Amino acid sequence: MSNILTSRKQDYAQWYNDLILKGGLAEHSDVRGCMVIKPYGFALWENMRDVLDKMFKDTGHQNAYFPLFIPKSYLSKEASHVEGFAKECAVVTHYRLKNDPNGNGVIVDPEAKLEEELIVRPTSETIIWSTYKKWIQSYRDLPLLINQWANVVRWEMRTRLFLRTAEFLWQEGHTAHATREEAIEETVKMLDVYATFVEEYMALPVIRGVKSPSERFAGAEDTYCIEALMQDGKALQAGTSHFLGQNFAKAFDVKFADKDNKIEHVWATSWGVSTRLIGALVMAHSDDEGLVLPPRIAPLQVVIVPIYNKDAEARQKIDDKAKALVKELQLKGIRAKFDNDDTTRPGWKFAEYELRGVPVRIALGARDLENNVAEVARRDEKTKSSVSLDGIESHIAQLLTDIQTNLYNKALAFRTENMRTVDSWDEFVRVLDETPGFVSAHWDGTAETEAKIKELTKATIRCIPLNNVQENGKCILTGNPSTQRVLFARAY
Numbered sequence: 008m009s010n011i012l013t014s015r016k017q018d019y020a021q022w023y024n025d026l027i028l029k030g031g032l033a034e035h036s037d038v039r040g041c042m043v044i045k046p047y048g049f050a051l052w053e054n055m056r057d058v059l060d061k062m063f064k065d066t067g068h069q070n071a072y073f074p075l076f077i078p079k080s081y082l083s084k085e086a087s088h089v090e091g092f093a094k095e096c097a098v099v100t101h102y103r104l105k106n107d108p109n110g111n112g113v114i115v116d117p118e119a120k121l122e123e124e125l126i127v128r129p130t131s132e133t134i135i136w137s138t139y140k141k142w143i144q145s146y147r148d149l150p151l152l153i154n155q156w157a158n159v160v161r162w163e164m165r166t167r168l169f170l171r172t173a174e175f176l177w178q179e180g181h182t183a184h185a186t187r188e189e190a191i192e193e194t195v196k197m198l199d200v201y202a203t204f205v206e207e208y209m210a211l212p213v214i215r216g217v218k219s220p221s222e223r224f225a226g227a228e229d230t231y232c233i234e235a236l237m238q239d240g241k242a243l244q245a246g247t248s249h250f251l252g253q254n255f256a257k258a259f260d261v262k263f264a265d266k267d268n269k270i271e272h273v274w275a276t277s278w279g280v281s282t283r284l285i286g287a288l289v290m291a292h293s294d295d296e297g298l299v300l301p302p303r304i305a306p307l308q309v310v311i312v313p314i315y316n317k318d319a320e321a322r323q324k325i326d327d328k329a330k331a332l333v334k335e336l337q338l339k340g341i342r343a344k345f346d347n348d349d350t351t352r353p354g355w356k357f358a359e360y361e362l363r364g365v366p367v368r369i370a371l372g373a374r375d376l377e378n379n380v381a382e383v384a385r386r387d388e389k390t391k392s393s394v395s396l397d398g399i400e401s402h403i404a405q406l407l408t409d410i411q412t413n414l415y416n417k418a419l420a421f422r423t424e425n426m427r428t429v430d431s432w433d434e435f436v437r438v439l440d441e442t443p444g445f446v447s448a449h450w451d452g453t454a455e456t457e458a459k460i461k462e463l464t465k466a467t468i469r470c471i472p473l474n475n476v477q478e479n480g481k482c483i484l485t486g487n488p489s490t491q492r493v494l495f496a497r498a499y
C-alpha cells in the first residue's frame, strides 16, 4: 500500500488523512467542516457504541433523547458555560424559506424570523437541566442517571476528519445526585468506565487525571480526563467526565426535598466520548500499510480468501470448507467473512484487507485442503503460518486474543519510552523538541504560568494524574514552589 499512503515519517498528518479516506472510514462532505462517515467507519462506531452502551446500562444509566435546538436564553443562565461555547455556536434565526422573486432559487423569508434564536446544541447541559427541573422534586427522584446518544455542532474553523469536525457523533451522560460526595463518586466512576473501554477494547493505554482550572469544561468545578499518546508523540484527550457541582442546578433552579423535607439544590455531573475515538484508534495502532484494528472492536475480525485454480471440483471443495469455517467462527461470536468475489484477484484482496486492518486473514487453496491446512496471516505483526484445519476455530479465537493483547502492550511500551521527567526549563524545551511525548514537570499552579508555557512551546497541561504523589520542587518556568508534577504535551 506504500504507493497510495503517505508514510508516517514523511508527513504524519497526510498519512492520517490518507488512511481515513482510503481505508474507507469517512470522507469530506459538501458542507464545510463536516464529514460523511462511510459504512466501514460507522460499523466501527457501532461496535464502540454497543459496548459503551452496555457498560452505561450495567452501571445503572438509562438512555433518553433531548432536542437538537436550545433557546438562546438558556445558554445565558450559566455564565462560564456560555462564555466557553459562545464562539462555537451555530444559530437558527428563521424558520422558513421562500422562492426568490428574481428567480435565483430560494431565500430566507424575512417575515419568518424567530422571536428567540435557537442554538444548535454544542452540548446539552442547558436543555437537559431545564427538563430536570420538571423531573426532580424529592430525594426519591435521585439519583437521576441519564445518557443521550446524539450529534452536536461546534463551529470549528480548522477541521480534521474524526479529530475535529463541525458536527460529530457522541454520547453525553447527565446525572443528578443528592450529595456532593455522590456526584464526585459518579464522575470518577464514569471516568473509569471510559478508561476500561479504551484500554480493554481499543487496546490503548490511558492516563487518568484532572484538568487544570484553565482547561476545565465550561461550567464545571472539576474535569476528569483520560489522555492517550499517539504515534507522533502528541497527546489526545480520549474522554472527559465533569463534576458540575450545583452550578447548573442553581442556574435552572433544580431543587429537591431531602428526607427531612429540607429543600436543596441537586449536585450534577456530565461526561462524554465521541467519534474522536476513531481518530485515536487510527493514530495509535496503524502503520504505513494501512489500518491496524484491535479485534474486539474491528468490524470484521477474520476474512477467508480462496485461492482457486481451473479445477471446478477443487473450487467447490474450497467453497464448502470456507463456508463451513465461517459458520463455525460465527458460532464462537467471531465476525468472519468468506470473500469469493470473482472480479478481484487474491493479491488485490490481501492488500485491501491489510489496508482495512482486518486482524486475521485466512488463505485457502486446493493444495491446502489436500494437506488439511490453511495459511493464517495476522495483521498486527504481518506474519503468516500454516495451521491445521482440525481445530482451527479455537486457534483463531486464541489468535484474536493474542493480537488484542499485543496491540495494547506495543502501545504501552511506546508510551513508556516517550514519558520523560524534567526539572529545568532548558531540559523541558529540548525534550519537547527532540522526543515528543508526555513530559512530567513541576508547575507553580498559576494560570499565568500555564498560559506562558503554552505560548512559548505550544505544550499544554494534559492533566494532573490521579495517582500523583506529593513532591516538593520548583516550577520549570518561574522557579516558584510546587508540590506536585503535572503532565505536559503537545496535543490534538
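Numbering (the numbering used here), first residue to last: 8 to 499.
We put the beta carbon where it would ideally sit given N, CA and C, even for glycine.
Fair warning: this is a prediction, and the values are worked out from it, not measured in the lab.
For the beta strand (DSSP E) holding residue i, just list the boundary residues, first then last.
i	result
V217	I214 to V217
V310	V309 to I314
S248	A242 to G252
G180	E174 to H184
E222	Segment: none, E222 is in no beta strand (DSSP E) and carries neither H nor E.
D239	Segment: none, D239 is in no beta strand (DSSP E) and carries neither H nor E.
E382	V380 to R385
E95	No beta strand (DSSP E) contains E95, which DSSP labels as neither H nor E.
A343	A343 to F345
E271	I270 to H272
Tell me the residue span of the alpha helix (DSSP H) that contains residue i.
i	result
P46	P46 to D65
G286	R283 to H292
F421	I399 to E424
P353	P353 to L362
R492	No alpha helix (DSSP H) contains R492, which is instead part of the beta strand (DSSP E) from R492 to A496.
V333	A319 to L338
V115	Per DSSP, V115 belongs to no alpha helix (DSSP H); it is in the beta strand (DSSP E), V113 to V115.
F204	R187 to E207
I134	E132 to W142
From the DSSP secondary-structure annotation, give me the bridge partner or partners of residue i.
i	result
G486	Per DSSP, none; premise fails for G486.
L7	In the structure displayed, the chain extends from 8 to 499; residue 7 sits before or after that span and is not available.
K120	H101
F259	Looking at the DSSP assignment, F259 forms no beta bridge with any residue, so it has no partner.
C232	G216 and T247
F445	M426
Q155	E179
N474	DSSP lists no partner for N474.
M42	H35
S392	V383
V280	Q178
P171	The displayed chain sequence assigns Arg, not Pro, to residue 171. Answer by DSSP bridge pairing, in chain order: R167.
K481	P488
Which residues in the same chain have their Cβ closer than 6 Å to the Cβ of residue i, if we skip the five residues on either side of it in sequence?
i	result
W355	none
A202	V213, R215 and I233
G67	L152
So does residue i have its beta carbon nearer than 8 Å to some heavy atom of the ligand GDP?
i	result
M164	Ligands displayed in this structure: none; no statement on the ligand GDP is therefore possible.
For residue i, I'd like the list of residues in its chain whose CB is within less than 7 Å of its CB, leaving aside the five on either flank, ordered along the chain.
i	result
S9	Confidence in S9 is poor, its pLDDT being 48 and thus under 50, which makes the residue's placement too unreliable to answer from.
A173	G40, C41, V160, R161, W162, E163 and T166
R103	D116 and A119
P78	E123 and L125
L28	E34
In its own chain, which residues sit with a C-beta less than 8 Å from the C-beta of residue i, not counting the 5 before and 5 after it?
i	result
A71	I153, N154 and Q155
K61	none
Distance, Cα to Cα, residue i vs residue j?
i	j	result
G279	T456	29 Å
I471	H272	29 Å
V353	A384	A small correction: the amino acid at residue 353 is Pro; Val does not occupy that position in the sequence shown. P353 and A384: Cα-Cα distance of roughly 14 Å.
V127	P74	9 Å
G252	P302	39 Å
Y19	A498	14 Å
Q69	F63	8 Å
A496	I325	53 Å
H249	F76	22 Å
N316	L307	26 Å
I285	G110	44 Å
Q323	I341	24 Å
I304	N54	6 Å
Q411	A210	6 Å
V99	T485	47 Å
A329	Y360	17 Å
The stretch 245-264 / the stretch 476-492 touching (three or more Cβ pairs under 8 Å): no
The stretch 104-120 contacting the stretch 179-193, beta-carbon criterion three pairs below 8 Å: no
Sufficient close CB pairs (3 or more, under 8 Å) joining the stretch 182-199 to the stretch 432-452: no
Given 8 Å, three or more beta-carbon pairs between the stretch 328-337 and the stretch 280-293: no
The stretch 87-95 in contact with the stretch 126-145 per 3-pair CB rule at 8 Å: yes
Validate contact between the stretch 419-426 and the stretch 473-489 using beta carbons, cut 8 Å, 3 pairs: no
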